[in-house]
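Numbering (UniProt numbering), first residue to last: 1 to 110.
Glycine included, each C-beta is placed from N, C-alpha and C at the ideal position.
Here's the structure we're looking at; comments come further down.
What follows is the structure, given as C-alpha coordinates:
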(Lines of atoms letter the chains of each structure in order from A; the text may use other names.)
(Lines give C-alpha, C1' and ligand atoms only; values in the text may rest on other atoms or scores of the structure.)
Protein backbone atom coordinates (compact mmCIF):
# COMPACT_ATOMS: atom_id res chain seq x y z
CA UNK A 1 0.00 0.00 0.00
CA UNK A 2 1.12 3.55 -0.67
CA UNK A 3 1.84 5.20 2.67
CA UNK A 4 2.42 8.68 1.21
CA UNK A 5 1.32 10.09 -2.13
CA UNK A 6 1.75 13.55 -3.59
CA UNK A 7 -0.45 14.13 -6.62
CA UNK A 8 0.37 17.15 -8.81
CA UNK A 9 1.54 19.06 -5.72
CA UNK A 10 2.72 22.61 -6.35
CA UNK A 11 3.84 25.49 -4.17
CA UNK A 12 4.08 29.07 -5.38
CA UNK A 13 5.02 31.68 -2.80
CA UNK A 14 3.30 35.11 -2.68
CA UNK A 15 6.39 36.63 -4.34
CA UNK A 16 5.63 34.48 -7.42
CA UNK A 17 8.53 32.09 -6.82
CA UNK A 18 7.58 28.57 -7.85
CA UNK A 19 9.21 26.22 -5.35
CA UNK A 20 7.50 22.98 -6.44
CA UNK A 21 5.72 22.44 -9.75
CA UNK A 22 3.21 19.57 -10.17
CA UNK A 23 5.17 16.94 -8.22
CA UNK A 24 3.92 13.35 -8.33
CA UNK A 25 5.51 11.07 -5.75
CA UNK A 26 4.57 7.89 -3.94
CA UNK A 27 6.26 6.10 -1.06
CA UNK A 28 5.12 2.60 -0.13
CA UNK A 29 4.97 1.11 3.36
CA UNK A 30 8.49 0.20 4.46
CA UNK A 31 10.13 2.01 1.55
CA UNK A 32 13.00 4.43 2.17
CA UNK A 33 13.07 7.53 -0.02
CA UNK A 34 15.63 10.32 -0.31
CA UNK A 35 15.20 13.82 -1.74
CA UNK A 36 18.41 15.08 -3.35
CA UNK A 37 19.10 18.33 -5.10
CA UNK A 38 20.91 21.64 -4.96
CA UNK A 39 20.13 24.41 -2.52
CA UNK A 40 16.86 26.15 -3.33
CA UNK A 41 15.35 23.39 -5.48
CA UNK A 42 12.33 22.77 -3.19
CA UNK A 43 13.38 19.82 -1.00
CA UNK A 44 12.59 21.55 2.29
CA UNK A 45 9.35 22.96 0.89
CA UNK A 46 8.23 19.44 -0.07
CA UNK A 47 9.02 18.14 3.42
CA UNK A 48 7.26 21.10 5.05
CA UNK A 49 4.14 20.44 2.95
CA UNK A 50 4.17 16.73 3.84
CA UNK A 51 4.54 17.63 7.54
CA UNK A 52 1.71 20.18 7.33
CA UNK A 53 3.92 23.18 8.08
CA UNK A 54 3.30 24.66 4.62
CA UNK A 55 0.13 24.45 2.50
CA UNK A 56 0.43 23.37 -1.12
CA UNK A 57 -0.87 25.86 -3.68
CA UNK A 58 -2.29 22.99 -5.75
CA UNK A 59 -2.49 19.22 -5.63
CA UNK A 60 -3.29 16.53 -3.10
CA UNK A 61 -1.27 14.97 -0.28
CA UNK A 62 -2.46 11.55 0.87
CA UNK A 63 -1.52 9.39 3.84
CA UNK A 64 -2.63 5.77 3.46
CA UNK A 65 -5.03 6.85 0.71
CA UNK A 66 -6.73 9.58 2.76
CA UNK A 67 -6.53 13.20 1.63
CA UNK A 68 -4.50 15.03 4.27
CA UNK A 69 -4.35 18.58 2.89
CA UNK A 70 -6.45 19.92 5.77
CA UNK A 71 -4.91 17.77 8.50
CA UNK A 72 -2.93 19.53 11.20
CA UNK A 73 0.77 18.73 11.61
CA UNK A 74 -0.13 16.73 14.72
CA UNK A 75 -2.64 14.60 12.80
CA UNK A 76 -0.03 13.80 10.14
CA UNK A 77 2.38 12.31 12.70
CA UNK A 78 5.44 13.31 10.69
CA UNK A 79 8.70 14.12 12.45
CA UNK A 80 11.25 16.59 11.10
CA UNK A 81 14.77 17.39 12.23
CA UNK A 82 15.42 20.93 11.05
CA UNK A 83 18.73 21.99 9.57
CA UNK A 84 18.86 25.14 11.70
CA UNK A 85 17.37 24.78 15.16
CA UNK A 86 18.34 25.40 18.76
CA UNK A 87 20.42 22.61 20.25
CA UNK A 88 20.43 21.98 23.96
CA UNK A 89 24.17 21.93 24.75
CA UNK A 90 23.74 19.71 27.83
CA UNK A 91 22.08 16.97 25.74
CA UNK A 92 23.56 14.39 23.39
CA UNK A 93 22.51 14.20 19.73
CA UNK A 94 20.09 11.42 20.68
CA UNK A 95 18.71 13.56 23.50
CA UNK A 96 18.19 16.56 21.22
CA UNK A 97 16.44 14.50 18.55
CA UNK A 98 14.31 12.61 21.06
CA UNK A 99 13.36 15.61 23.19
CA UNK A 100 9.98 16.34 21.49
CA UNK A 101 8.83 12.78 22.15
CA UNK A 102 9.13 13.44 25.89
CA UNK A 103 6.55 16.25 25.82
CA UNK A 104 3.30 15.66 27.71
CA UNK A 105 0.33 14.91 25.47
CA UNK A 106 2.39 13.48 22.65
CA UNK A 107 0.80 10.94 20.36
CA UNK A 108 1.42 7.28 21.19
CA UNK A 109 3.67 5.30 18.88
CA UNK A 110 1.80 3.15 16.34
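Query                                                                                                              : Result
Minimum C-alpha distance to residue 70 - residue among 89, 88 and 49                                               : 49
Check whether residue 22 and residue 10 have beta carbons under 8 Å apart                                          : yes
As assigned by DSSP and simplified to three states, the class of residue 79                                        : coil
Touch test, the stretch 1 to 8 against the stretch 55 to 63, Cβ-Cβ under 8 Å, three pairs minimum                  : yes
Best match in 89, 45 and 68 for proximity to residue 19 [C-alpha to C-alpha]                                       : 45
Helix, strand or coil at residue 110 according to DSSP, with G and I counted as helix                              : The predicted model places residue 110 with a pLDDT of 47, which falls under 50 and marks its position as unreliable, so this point remains unresolved.
Where residue 37 falls, given that 16 or more other Cβ within 10 Å makes a residue buried                          : exposed
Length-filtered (4 minimum) alpha helix (DSSP H) runs lying within the UniProt domain "ABC transporter" (21 to 96) : 43 to 51 and 73 to 76
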